[in-house]
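A quick write-up on the structure given underneath.
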Amino acid sequence: MSEPTSESNLFPQVCAMFNLRLAFEHVEESDGCAGIDGVTLAQFADDLETELGRLSLELIEGSYEPLPAVRFFGKKRDGGQRVLCVFAVRDRVAQRAVTNIIGPRLEAEFEDVSFAYRRRRSVKQALAEVERWRDQGYQWVVDADISAFFDSVDHALLLERVRNLIADERVLDLIGRWIAPVIYDGQKMSRMEKGLPQGAPISPMLANLFLDKFDEQMIEAGFKLVRFADDFLLLCKTKPKAEDGLELTRETLDALCLAINEEKTRVTDFNTGFTFLGATFVRSLCLIPPPGSRDDDDAPQNVTMPPALTMPQIKAAMQSLTTSPSDIELKLPGDSVEAASVESAPGQPPIPESAIRNPQSTIEMPPPRLFTLRTLYLQEHGAVLRCEDEHLIVSKDEVELISLPAFKLDQIILLGNSHLTTPAMKFCLRNNIPVILLSGRGEFFGAIESTGNENVVLQQQQFARLADERFVLETARRIVAGKIANCRALLQRRGRTGAAAADERIVRAVAAIEEIKNKLAAAGTIDEVRGYEGAAAARYYEALGACFPPPFEFKGRTRRPPLDPVNALLSFGYTLLFYNIYAIARGRGLSPYVGTLHSIRQGHPALCSDLIEEFRAPVVDALVTSLLNKRIIGQGDFHFAETSSGARGCFLTDQARRTFITQFEQRINTLVRHPLAGINTTWRGCIDIQVGHYVQLLRGATPAYLPIEMR
């Protein structure tokens, strides 16, 4: 047996963002419905970085608690029932994240006779293995079935087996909680005392691990074993040997606290015939049913899921549940939640009620700065950025492409395989010119920036305000209200012109978004605020598809990678907008990593994720709809390619990316009237005013955050 894997590096790998992103991709590929909280895969993906960041932080801090799993029954093709458990999306991601890290270590322990739930192994290979042993003279078969295997796995024995291979107590604790979850069946909640929850991403791997001891003993005794999950055959050359194998099977399973199903277990031979994994073996024949006809390959039919619960309902029920095996009837609180009152942070003057009801009458916006945020976008493959005599020079193959005086630049964005020399890097650091590093497809790698703009006192105020739950709630609520209002306004504008005017999707979405915005005012927790944001975003993106001309179809938001041209444009546009906000926030002395709506997590600029929300629709979404309707960007401006994870995505060509950057700069520098400051400025100027307004809020100079709302 191998030594247990060192605990020093396993858990951090589980919590790493790259691993959580990969885990979500696996969960997304498996599809599946929402869990007890009603959060769908699409809703989770709408704000993926925030959701994964929150999950990572909870795991690291030890505050992670799995939600109850929903148990339901589905009819199988043969008329029977299958019991499945559906975990919340966040819990499925966490389980998959652990599987990613410990899976290879456990896989190394598994025997070659096991064919289920393993990469590059299949039913077809298992059947071929049976034929191979048959052709070598193993004519006698123990056709065995384990009685209710997934309902009978002993948790103590399983965890002991895991502990022999994995020494990280934090990983073991997570596994222990996932194999003994709280189960909700629509009427009551109960604790799962034994067995493995079918439907949990981690269960297949643990099932193989639990039965690996059985595999080892059968092989050691000289039997030819073919196992697919809890279905297996022992192949022998004589009937007495097969009978001995049956007896050993009983003894070995008994030691694992399992039992064979006597009614479905027998000693037979190929002349008599038998069925295994849906295939019928008779003499030299193997009759395989058509694809999709095996019951085991199908999800249960006619599934009826219990209704989702609100977070207050879940928490109330969980508080009443002990570790005793008895079930408890749910006594759930009502769905209504009173709106939280608005209070100032400790040491700040109270917020006048009049300012909340009519904030424009009492709040003064900060004066605008002379601000352009001049940006150098460098995406020429193989280009080099160097510094000479206070100039930044871009060259390629020793040919100078452009030379710019440094005072004309506020930030640099490097895309793809372009390079920055060490002297140029030092020059940018000395002159407070941040360098943002992105992949050619817009994926963020990092930033090179000086500490010259750090304002420790202001950042202290940021963290102090973060401790005030009501400040966080009210600010987040207002940020989401601004986002929702601007999404609705864009749909209304597009719905008044062109083909979109006749599309009922826009009418329905506008009404639904308005209803969600009204409910948002009563949100009493940050989770409710995020829930309303997700609900509004889902309705918005459903209707946004009506705003694009044929042949561009848009059925919803997809990211990492984007799956269609519209999503490719949105993703790239949001990336450019995000790092404009990042530079402005840093220039104001703020920490971009401390927000309210988006939770704090390692390496994520949460404040920028907050401040971008009100600008997504008027800057990026409006630009994308315009570019496609005016045919400035067409079908030929995209290509499909695989990402490093193997997923196939849609991306802009190099030339289309240049076109988009040009159009984006024109859009963000378009003159508009800031509705609260009462001045004409650019969209970039509006962002700067809003960031300055946020600084005022932190310092107590203004009572509430006021987002820009389009008319």
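In this text, residue positions in the sequence shown follow the numbering used here: the first is 354, and each later residue adds one. Ideal Cβ placement from N, Cα and C applies to all residues, glycine included. Keep in mind it's a predicted model, so treat the numbers as computed, not measured.
Evaluate the contact criterion for the stretch 368 to 382 versus the stretch 933 to 947: three or more CB pairs, one atom per stretch, below 8 angstroms.
-> no
Can you tell me the Cα-Cα spacing of Arg841 and Tyr893, whole angstroms?
-> The residue given as residue 841 occupies position 488 in the sequence shown. The residue given as residue 893 occupies position 540 in the sequence shown. Distance between the alpha carbons of Arg841 and Tyr893: 7 angstroms.
Over the uninterrupted beta strand (DSSP E) stretch that includes Thr1034, give me the two end residues.
-> Along the sequence shown, read from residue 1 onward, the residue named residue 1034 stands at position 681. Element bounds for Thr1034: 1032 to 1035.
Taking DSSP as the reference, what is the three-state secondary structure of Met542?
-> Against the sequence shown, residue 542 aligns to sequence position 189. Met542: strand per DSSP, three-state reduction.
Are there 16 or more other CB atoms within 10 angstroms of the CB of His992, so buried, or fewer, so exposed?
-> Within the sequence shown, residue 992 is the residue found at index 639, counting from 1. By the neighbour-count rule (16 or more Cβ atoms within 10 Å), His992 is not buried but exposed.
Pick helix, strand or coil for Lys908, following the three-state DSSP scheme.
-> Counting from one through the sequence shown, the residue named residue 908 turns up at place 555. Reduced to three states, the DSSP call for Lys908 is coil.
Would you tell me roughly how many angstroms separate the C-alpha atoms of Pro712 and Ala829, rounded to the nearest one?
-> Counting from 1 along the sequence shown, the entry for residue 712 is found at position 359. Counting from 1 along the sequence shown, the entry for residue 829 is found at position 476. Any reading at Pro712 must be qualified, since the residue scores a pLDDT of 39, below 50, and its modelled position is unreliable; no value is offered.
Can you tell me the Cα-Cα spacing of Gly1031 and Glu895, whole angstroms?
-> Taking the sequence shown and counting its residues from 1, the one referred to as residue 1031 is at position 678. Taking the sequence shown and counting its residues from 1, the one referred to as residue 895 is at position 542. C-alpha separation (whole angstroms): 34 angstroms.
Contact under 7 angstroms by Cβ, Ala376 with Val439 = Here residue 376 corresponds to residue number 23 of the sequence shown, with the count starting at 1. Here residue 439 corresponds to residue number 86 of the sequence shown, with the count starting at 1. Against a cut-off of 7 angstroms, the Cβ pair of Val439 and Ala376 comes out as no contact.
Could you tell me which of Ile555, Ile1021, Leu767 sits nearest to Pro534, measuring between CA atoms?
-> On the sequence shown, position 181 is the one that residue 534 refers to. With distances taken between Cα atoms, Pro534 lies closest to Ile555.
Report buried or exposed for Gly1089, applying the criterion of at least 16 other Cβ atoms within 10 angstroms of its Cβ.
-> A question about residue 1089 goes unanswered here, because the residues of the chain that appear run from 354 up to 1064.
Check whether the stretch 466 to 485 touches the stretch 400 to 409, taking contact to mean three or more Cβ pairs, one atom from each stretch, closer than 8 angstroms.
-> no
Please go through the same chain and pick out, in chain order, the residues whose beta-carbon is closer than 7 angstroms to the beta-carbon of Thr978, but skip the five residues on each side of it.
-> As a first step, residue 978 is located in the sequence shown; it is residue number 625 there, counting from the start. Cβ within range, chain order: Arg847, Cys900, Phe901.
Same chain, Cβ closer than 6 angstroms to Lys836, neighbours up to 5 away in sequence not counted | Locating residue 836 in the sequence shown gives position 483, where the first residue counts as 1. Result list for Lys836: Glu966, Glu967, in chain order.
Nearest-angstrom beta carbon gap, Gln1016 and Pro904 [assumed within contact, 8 angstroms] = In the sequence shown, the residue the question calls residue 904 occupies position 551. In the sequence shown, the residue the question calls residue 1016 occupies position 663. Between Gln1016 and Pro904 the Cβ distance is about 21 angstroms, and since that is not below 8 angstroms, they are no contact.
Go through the stretch 999 to 1036 residue by residue and report every complete run of the beta strand (DSSP E) that reaches 3 residues or more, in order.
-> 1001 to 1005, 1024 to 1027, 1032 to 1035
Test: Ile389 CB closer than 7 angstroms to a CB of chain D | Of the protein chains in this structure there is only one, and it is not chain D.
Rounded to a whole number of angstroms, what is the C-alpha to C-alpha distance between Leu723 and Asn372?
-> Here residue 723 refers to the residue found at position 370 of the sequence shown. Here residue 372 refers to the residue found at position 19 of the sequence shown. For Leu723, the pLDDT reaches just 41, beneath the cut-off of 50, and the residue's location in the model is therefore unreliable, leaving the point undetermined.
What's the call for Lys617, buried or exposed, on a 16-neighbour Cβ count within 10 Å?
-> Start at 1 with the first residue of the sequence shown, and residue 617 comes out as number 264. The residue in question, Lys617, is exposed, as its Cβ has fewer than 16 Cβ neighbours within 10 Å.
For Phe1013 and Ala1057, the rounded distance between their alpha carbons | The residue labelled residue 1057 in the question sits at position 704 within the sequence shown. The residue labelled residue 1013 in the question sits at position 660 within the sequence shown. Each residue's alpha carbon lies about 35 angstroms from the other.
So Cys589 is in the beta strand (DSSP E); what residue range does that whole segment cover?
-> Working through the sequence shown from its first residue, we reach residue 589 at position 236. Its beta strand (DSSP E) spans residues 584 to 589.
Would you mind sorting Gln1043 into buried or exposed? The rule is 16 or more other CB atoms within 10 Å of its CB.
-> Indexing the sequence shown from 1 puts residue 1043 at position 690. With 16 or more other Cβ atoms within 10 Å, it is buried.
Would you tell me roughly how many angstroms separate the C-alpha atoms of Lys590 and Phe623, rounded to the nearest one?
-> As a first step, residue 590 must be located in the sequence shown, where it is residue number 237. As a first step, residue 623 must be located in the sequence shown, where it is residue number 270. Their Cα atoms are separated by approximately 11 angstroms.
From Ile801 to Met778, what does the alpha carbon distance come to, in whole angstroms?
-> Mapped onto the sequence shown, residue 801 falls at position 448. Mapped onto the sequence shown, residue 778 falls at position 425. Taking the straight line joining both Cα atoms gives about 8 angstroms.
Find out if the Cβ-Cβ distance for the pair Val466, Asp568 is shorter than 7 angstroms.
-> Mapped onto the sequence shown, residue 466 falls at position 113. Mapped onto the sequence shown, residue 568 falls at position 215. In contact: Val466 and Asp568 (Cβ atoms closer than 7 angstroms).
What whole-angstrom Cβ distance do Asp565 and Glu482 have, given they're in contact under 8 angstroms?
-> Along the sequence shown, one-based indexing puts residue 565 at 212. Along the sequence shown, one-based indexing puts residue 482 at 129. Not a contact, Cβ separation roughly 17 angstroms.
Buried or exposed: where does Ala1009 fall if 16 or more other Cβ atoms within 10 Å of its Cβ makes it buried?
-> The residue labelled residue 1009 in the question sits at position 656 within the sequence shown. Buried, by the Cβ-count rule.
With a Cβ-Cβ cutoff of 7 angstroms, do Phe634 and Ala497 count as a contact?
-> Counted from its first residue, the sequence shown places residue 634 at position 281. Counted from its first residue, the sequence shown places residue 497 at position 144. No, the Cβ-Cβ distance between Phe634 and Ala497 is not below 7 angstroms.
Ordered along the chain, which non-local residues of its own chain (more than five positions away) have a Cβ less than 6 angstroms from that of Ala469?
-> In the sequence shown, residue 469 corresponds to position 116, counting from 1. For Ala469, where only same-chain residues beyond five positions count, the Cβ hits under 6 angstroms are Phe581, Ala582.
Do Leu738 and Val747 have their C-beta atoms closer together than 7 angstroms?
-> Here the question's residue 738 lines up with position 385 in the sequence shown. Here the question's residue 747 lines up with position 394 in the sequence shown. In contact: Leu738 and Val747 (Cβ atoms closer than 7 angstroms).
Who are the near neighbours of Gln732 in its chain, counting only those whose CB is closer than 6 angstroms to its CB and skipping five residues on each side?
-> For the purposes of this step, residue 732 is taken as residue 379 along the sequence shown, with counting starting at 1. Hits under 6 angstroms: Leu768, Gly769.
Alpha carbon to alpha carbon, how far is Arg1069 from Arg514?
-> Here the chain has residues from 354 to 1064 only, and residue 1069 is not among them.
From Ser962 to Asn785, what does the alpha carbon distance come to, in whole angstroms?
-> For the purposes of this step, residue 962 is identified with residue 609 of the sequence shown, where counting begins at 1. For the purposes of this step, residue 785 is identified with residue 432 of the sequence shown, where counting begins at 1. Cα to Cα, Ser962 sits roughly 23 angstroms from Asn785.
Indicate the three-state DSSP secondary structure (helix, strand or coil) for Ile934 in the structure shown.
-> Stepping through the sequence shown from its first residue, residue 934 is reached at position 581. Looking at Ile934 - three-state DSSP - the assignment turns out to be helix.
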